[in-house]
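Colleague:
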Amino acid sequence: MKILYFAWVRERIGLEAEEVDPPASVRTVAELAAFLKERGEGYAHAFENPGVVRAALDRKHARPDTPLGAAREVAFFPPMTGG
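Position one of the sequence shown corresponds to residue 1 (UniProt numbering), numbered consecutively onward.
1) Any idea which residues DSSP pairs alanine 56 with across the strands?
2) Could you check which residue in Met1, Pro50, Val29 and Ile3 has the C-alpha nearest to that of proline 79?
3) Mapping DSSP to helix, strand and coil, what is residue 161?
4) Go to glutamate 38, then tell me how far its alpha helix (DSSP H) extends in each direction, as first and last residue.
5) Mind checking whether glutamate 48 and lysine 60 have CB atoms under 9 Å apart?
6) If we ignore side chains and look at the alpha-carbon of each, how far apart do valine 9 and arginine 72 end up?
The following block contains the structure:
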């Protein structure tokens, strides 16, 4: 699956995007974030407060408990602000 990173999430990880093949035990957005957090220091820093990072599956906003299902693309980004 393709993982995209935006704004400070991208800066902390040091990548704009990557292909990841998570284990079968990773079934939700929250489990994917936890899996990525274990991949290194930058990931750990980006996902240190998982309640802050937002996600989208195939370009649709997704809650942490959303199943990954057959998603081909997951994006992680900080909360958006308006104004």
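C-beta: ideal position from N, C-alpha, C; glycine also.
Modeller: With the given structure in hand:
1) Answer is His61 and Ala75, bridged to alanine 56.
2) The option with the nearest alpha carbon to proline 79 is Pro50.
3) What the structure shows of the chain is the stretch from 1 to 83, and residue 161 is not part of that stretch, so it cannot be assessed.
4) Glutamate 38 -> no alpha helix (DSSP H), and no H or E assigned at all.
5) It is not a contact, given that the beta carbons lie outside the stated cut-off.
6) Approximately 20 Å, taken between the alpha carbons.
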